[in-house]
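Worksheet for the structure shown next.
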Amino acid sequence: MRKIAVVNKKGGVGKTSTVVNLGAALAKRGKKVLIVDMDEQGHVAQWLSVPREGVPTTAELLINRDIEAKECIQNTYIKGLDVIPAKDTLGVARMQLATMGGMNFCLRKKLKKLTNYDYIFIDCPPSFETLTINACAFADEIIVPFTLDYLNLEAVSSIAKNVKWANENIYEDIDHRVEITGVLVTMFMKNQKITKKVMNSISKAYGDILFKTKIPQNVKMKECIGEGQVIFDYAPSCPSANAYEQLMGEFNERGI
Ligand SMILES: Nc1ncnc2c1ncn2[C@@H]1O[C@H](COP(=O)(O)OP(=O)(O)OP(=O)(O)O)[C@@H](O)[C@H]1O
Ligand SMILES: [Mg+2]
Numbered sequence: 001m002r003k004i005a006v007v008n009k010k011g012g013v014g015k016t017s018t019v020v021n022l023g024a025a026l027a028k029r030g031k032k033v034l035i036v037d038m039d040e041q042g043h044v045a046q047w048l049s050v051p052r053e054g055v056p057t058t059a060e061l062l063i064n065r066d067i068e069a070k071e072c073i074q075n076t077y078i079k080g081l082d083v084i085p086a087k088d089t090l091g092v093a094r095m096q097l098a099t100m101g102g103m104n105f106c107l108r109k110k111l112k113k114l115t116n117y118d119y120i121f122i123d124c125p126p127s128f129e130t131l132t133i134n135a136c137a138f139a140d141e142i143i144v145p146f147t148l149d150y151l152n153l154e155a156v157s158s159i160a161k162n163v164k165w166a167n168e169n170i171y172e173d174i175d176h177r178v179e180i181t182g183v184l185v186t187m188f189m190k191n192q193k194i195t196k197k198v199m200n201s202i203s204k205a206y207g208d209i210l211f212k213t214k215i216p217q218n219v220k221m222k223e224c225i226g227e228g229q230v231i232f233d234y235a236p237s238c239p240s241a242n243a244y245e246q247l248m249g250e251f252n253e254r255g256i
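Rendered as structure tokens:
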């Protein structure tokens, strides 16, 4: 089983879009995929019309010792793609976690019991704090989606510093290590001067882990969310759908 956290401290860089579309691409190839939403914005469930009221969500999973991960799993309209949804109660749960022993390992404890998935993706909030630390305590791999802006260059190196610190100071206790295995350019716009400049800098810094696939900017990526569909169902031949398909191939080749 591959366990992947999708992380960036910046908001709106394509974390959720990548989790949902990459997860869907794999499920459509017959894989069993679970998406765990660790963002109180609850975008995964909103997008895929997964129930969040009257069902246990990631908040209860983290806080309530008696709730098991399998009780929180919801099916989506795509066969093989399941979700543990989040909603705004996760914000309070995050604060409650701070008062609990083993606060960094609550998610890991629960998800470790799931054995029937090929991939578990965790959609993280735009920060590197308790919830992301919990996600990375379970994940082996981190994908960092990234848009080509000057101000985002530091965001990637800052995550790398956080990951190094967490490996040395938090995860060492449980003999766990997580690694940034992929940096993914999203919302790519060709033929822009800034694109070339920032691309040069990011290639120099992260060439070995930069995905060759870039996800092009395309309005269909916004529209599909409103229709509750993944890009492969809403606009299967648009450039972003092709790119996510290509990303799946590259992602599978790099498996650790
Ligand atoms: N390739 C793309 N082309 C055009 N729009 C895109 C693309 N990828 C994502 N978007 C849009 O950009 C917005 C932000 O994307 P998304 O929600 O995936 O980012 P995020 O990093 O998860 O944000 P947050 O930090 O708020 O959770 C959404 O409206 C989404 O539809
Ligand atoms: Mg998101």
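Residue numbers for the sequence shown, in my numbering: 1 to 256.
Glycine included, every Cβ here is placed at the ideal spot set by N, Cα and C.
Note that the structure is a prediction, hence the values are computed from the model and not measured.
Boundaries of the beta strand (DSSP E) in which residue i is found, first to last residue
i, result
"residue 210", "210–216"
"residue 32", "Element bounds for residue 32: n/a, residue is neither H nor E."
"residue 78", "Note, residue 78: premise wrong, no beta strand (DSSP E); not H, not E."
"residue 4", "2–6"
Local conformation of residue i per DSSP, three classes
i, result
"residue 27", "helix"
"residue 230", "coil"
"residue 92", "helix"
"residue 84", "strand"
Backbone CA spacing between residue i and residue j [nearest angstrom]
i, j, result
"residue 20", "residue 44", "7 Å"
"residue 18", "residue 124", "11 Å"
"residue 88", "residue 42", "7 Å"
"residue 195", "residue 188", "8 Å"
"residue 273", "residue 111", "Nothing can be reported for residue 273, as the shown portion of the chain is limited to 1 through 256."
"residue 199", "residue 66", "47 Å"
"residue 99", "residue 130", "11 Å"
"residue 104", "residue 173", "11 Å"
"residue 215", "residue 244", "7 Å"
"residue 92", "residue 191", "44 Å"
"residue 150", "residue 221", "23 Å"
"residue 253", "residue 246", "11 Å"
"residue 64", "residue 102", "13 Å"
"residue 225", "residue 48", "8 Å"
"residue 179", "residue 33", "20 Å"
"residue 211", "residue 85", "28 Å"
"residue 96", "residue 107", "14 Å"
"residue 205", "residue 135", "25 Å"
Proximity test, Cβ basis, 8 Å: residue i and chain C
i, result
"residue 193", "Of the protein chains in this structure there is only one, and it is not chain C."
First and last residue of the uninterrupted alpha helix (DSSP H) at residue i
i, result
"residue 133", "130–138"
"residue 239", "239–253"
"residue 45", "43–48"
"residue 58", "58–63"
Could you tell me whether the stretch 152–167 touches the stretch 35–44, where touching means 3 or more Cβ pairs closer than 8 Å? no
Does the stretch 139–157 come within contact of the stretch 55–67, defined as at least 3 CB pairs closer than 8 Å? no
My parser needs the beta strand (DSSP E) runs of 3 or more residues fully inside the stretch 94–126; what are they? 119–123
Counting only runs that start and end within the stretch 141–193, where is the alpha helix (DSSP H) found for 4 or more residues in a row? 150–169
Below 8 Å, how does it come out for the stretch 74–86 and the stretch 162–181: are there three or more Cβ pairs, yes or no? no
Three or more C-beta pairs below 8 Å linking the stretch 171–186 and the stretch 129–149: yes
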